[in-house]
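Below: one structure, written as C-alpha coordinates.
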Amino acid sequence: MHNPGLETVQQKKIDQRKSLSINSQTESIVSFIEDVPVYLNDAIRKFIDEHPNWDQHRLMQAAISGYLLEKGVTSIEMRRFYSQSMFCKKSMRGNI
(Lines of atoms letter the chains of each structure in order from A and count residues from 1; the text may use other names and numbers.)
(Lines give C-alpha, C1' and ligand atoms only; values in the text may rest on other atoms or scores of the structure.)
Protein backbone atom coordinates (compact mmCIF):
# COMPACT_ATOMS: atom_id res chain seq x y z
CA MET A 1 0.00 0.00 0.00
CA HIS A 2 1.32 3.47 -0.93
CA ASN A 3 1.57 5.95 1.97
CA PRO A 4 2.04 9.53 0.65
CA GLY A 5 2.44 10.96 4.18
CA LEU A 6 5.35 8.65 4.96
CA GLU A 7 6.89 9.40 1.57
CA THR A 8 6.65 13.14 2.29
CA VAL A 9 8.37 12.75 5.66
CA GLN A 10 11.11 10.59 4.12
CA GLN A 11 11.65 13.12 1.31
CA LYS A 12 11.79 15.94 3.86
CA LYS A 13 14.57 14.14 5.74
CA ILE A 14 16.50 13.79 2.49
CA ASP A 15 15.89 17.47 1.57
CA GLN A 16 17.04 18.64 5.01
CA ARG A 17 20.34 16.81 4.62
CA LYS A 18 20.92 18.44 1.23
CA SER A 19 20.01 22.01 2.21
CA LEU A 20 22.19 24.41 4.13
CA SER A 21 20.52 25.37 7.36
CA ILE A 22 20.55 28.89 8.70
CA ASN A 23 19.94 27.48 12.16
CA SER A 24 22.78 26.88 14.56
CA GLN A 25 23.22 23.37 15.87
CA THR A 26 22.03 24.46 19.34
CA GLU A 27 18.59 25.65 18.19
CA SER A 28 15.60 23.36 18.42
CA ILE A 29 13.62 22.74 15.27
CA VAL A 30 9.92 21.98 15.13
CA SER A 31 8.54 20.48 11.92
CA PHE A 32 4.97 20.83 10.73
CA ILE A 33 3.02 19.70 7.73
CA GLU A 34 0.37 22.04 6.40
CA ASP A 35 -1.89 21.82 3.38
CA VAL A 36 -1.75 24.88 1.16
CA PRO A 37 -3.94 25.88 -1.78
CA VAL A 38 -2.71 24.74 -5.19
CA TYR A 39 -2.12 28.32 -6.39
CA LEU A 40 0.15 29.02 -3.39
CA ASN A 41 2.08 25.79 -3.95
CA ASP A 42 2.46 26.68 -7.64
CA ALA A 43 3.81 30.13 -6.72
CA ILE A 44 6.29 28.60 -4.26
CA ARG A 45 7.52 26.10 -6.86
CA LYS A 46 7.84 28.82 -9.51
CA PHE A 47 9.83 31.06 -7.14
CA ILE A 48 12.18 28.20 -6.18
CA ASP A 49 12.63 27.23 -9.85
CA GLU A 50 13.54 30.83 -10.71
CA HIS A 51 15.79 31.25 -7.63
CA PRO A 52 17.79 28.04 -7.23
CA ASN A 53 19.66 29.43 -4.23
CA TRP A 54 16.38 29.22 -2.26
CA ASP A 55 14.66 26.04 -1.08
CA GLN A 56 11.20 25.46 0.42
CA HIS A 57 12.52 25.43 3.98
CA ARG A 58 14.36 28.73 3.67
CA LEU A 59 11.41 30.34 1.87
CA MET A 60 8.91 29.29 4.56
CA GLN A 61 11.24 30.33 7.39
CA ALA A 62 11.80 33.76 5.81
CA ALA A 63 8.08 34.23 5.10
CA ILE A 64 6.93 33.27 8.59
CA SER A 65 9.59 35.24 10.43
CA GLY A 66 9.04 38.28 8.17
CA TYR A 67 5.29 38.12 8.77
CA LEU A 68 5.71 37.91 12.54
CA LEU A 69 8.10 40.86 12.56
CA GLU A 70 5.65 42.85 10.45
CA LYS A 71 2.87 42.04 12.94
CA GLY A 72 4.83 43.31 15.92
CA VAL A 73 6.91 40.43 17.28
CA THR A 74 9.94 42.26 18.62
CA SER A 75 12.45 39.67 19.74
CA ILE A 76 16.10 39.99 18.86
CA GLU A 77 16.17 36.29 18.01
CA MET A 78 13.38 36.74 15.46
CA ARG A 79 15.13 39.71 13.85
CA ARG A 80 18.41 37.79 13.69
CA PHE A 81 16.69 34.74 12.24
CA TYR A 82 14.91 36.79 9.57
CA SER A 83 18.12 38.58 8.58
CA GLN A 84 19.99 35.29 8.36
CA SER A 85 17.27 33.70 6.24
CA MET A 86 17.21 36.63 3.83
CA PHE A 87 20.95 37.23 3.58
CA CYS A 88 22.63 33.90 4.27
CA LYS A 89 25.69 32.74 2.32
CA LYS A 90 23.45 30.42 0.35
CA SER A 91 21.68 33.46 -1.13
CA MET A 92 24.96 34.82 -2.45
CA ARG A 93 25.61 31.81 -4.67
CA GLY A 94 24.11 31.09 -8.03
CA ASN A 95 22.35 33.82 -9.99
CA ILE A 96 24.27 36.97 -9.19
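Just so we're aligned: 2 in full-length UniProt numbering is position 2 of the sequence shown, and the numbers increase by one with no gaps anywhere. Positions of the beta carbon are idealized from the N, C-alpha and C atoms, including for glycine.
Exercise. Could I get the ranges of all uninterrupted alpha helix (DSSP H) runs contained in the region 47-74, with 4 residues as the minimum, in chain order?
Key: 56-70
Quiz item: Below 8 Å, can you find three or more Cβ-Cβ pairs linking the region 64-75 to the region 31-44?
Solution: no
Quiz item: Three-state secondary structure (DSSP) at Ser31?
Solution: Three-state DSSP puts Ser31 in coil, outside helix and strand.
Quiz item: Count the other CB atoms within 10 Å of the CB of Arg58; is the residue buried (16 or more) or exposed (fewer)?
Solution: buried
Quiz item: Thinking just about the alpha-carbon of each residue, which of Glu50, Phe87, Met60 and Gly66 is nearest to the one in Glu34?
Solution: Selected option, being the one with the closest Cα: Met60.
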